[in-house]
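FYI, the numbering for the sequence shown is 1348 to 1502, going by the numbering used here.
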Amino acid sequence: MIRHCFIRSLAAALVFSLAAPAFAQLDPERLMRMAELNDIAGIREALARGAAPDTADEHGNTLLAAAAAAGHVELAKFLISQRARINNRNAFGDTPLMAASYHGQLEMARQLIASGAEVNTEGWTPLHYCAWQGHVDLCSMLIDLRALINVRAPN
């Protein structure tokens, strides 16, 4: 009996020590950094090990939002193919399309909209963000897609 418990404990310790590097790969901060750096291979591996495509930082910014802000279109396509929520809002109410709009990521905005991102949202909208930053081409595209131009910002 004692020998059996010892063997089970030893086996559990061995399994945990072998799995520890896999757990390190799932650290949200590390995954967010990978998204910012466009490390598609690293994120693909982390998702294969069990990370969620909607992994977020302490403010609710997801991997997709980080990719959107940086303009990493291929990474965004991959995350969307893995069922990342395209209209997910962070703690401040911002979506990945809003992040792309704020940073003037026109091609990213096109990809997000083609994948189902909402152009007209409550509160601040993607149009507010790109107008605030002076991204005229992105504003024109959103208006062409029927972005509401008379929406009042809550503040």
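Ideal Cβ placement from N, Cα and C applies to all residues, glycine included.
#1: What is the DSSP secondary structure of Ala1403, reduced to helix, strand or coil?
#2: Name the residue from Pro1473, Gly1481 and Asn1502 whose alpha carbon lies nearest to the alpha carbon of Arg1493.
#3: At the level of alpha carbons, what is the spacing between Val1420 and Met1455?
#4: Below 7 Å between beta carbons: does that hold for Trp1471 and Ala1447?
#5: Classify His1406 as buried or exposed, calling it buried when 16 or more other Cβ atoms lie within 10 Å of its own Cβ.
#6: Would you kindly report the start and end of the unbroken alpha helix (DSSP H) that includes Ser1448?
#7: For Tyr1318, I'd like the list of residues in its chain whose CB is within less than 6 Å of its CB, leaving aside the five on either flank, ordered along the chain.
#8: Residues in its own chain within less than 7 Å of Val1483 by CB, not counting five upstream and five downstream?
#9: Between which two residues does the alpha helix (DSSP H) containing Asp1484 stretch?
#10: Give the straight-line distance between the Cα atoms of Ala1461 and Leu1411, rounded to the nearest whole angstrom.
#11: So, with DSSP's three-state summary, where would you put Phe1370?
Here's the rundown:
#1: strand
#2: For the residues Pro1473, Gly1481 and Asn1502, the minimum Cα distance to Arg1493 belongs to Pro1473.
#3: 6 Å
#4: Against a cut-off of 7 Å, the Cβ pair of Ala1447 and Trp1471 comes out as no contact.
#5: Exposed.
#6: Pro1443 to Tyr1449
#7: Shown here, the chain extends from 1348 to 1502; a query on residue 1318 therefore has no answer.
#8: none
#9: Val1483 to Asp1491
#10: 15 Å
#11: For Phe1370, the predicted model reports a pLDDT of 43, less than 50, meaning its position is unreliable; a value from the coordinates is still stated below. Looking at Phe1370 - three-state DSSP - the assignment turns out to be helix.
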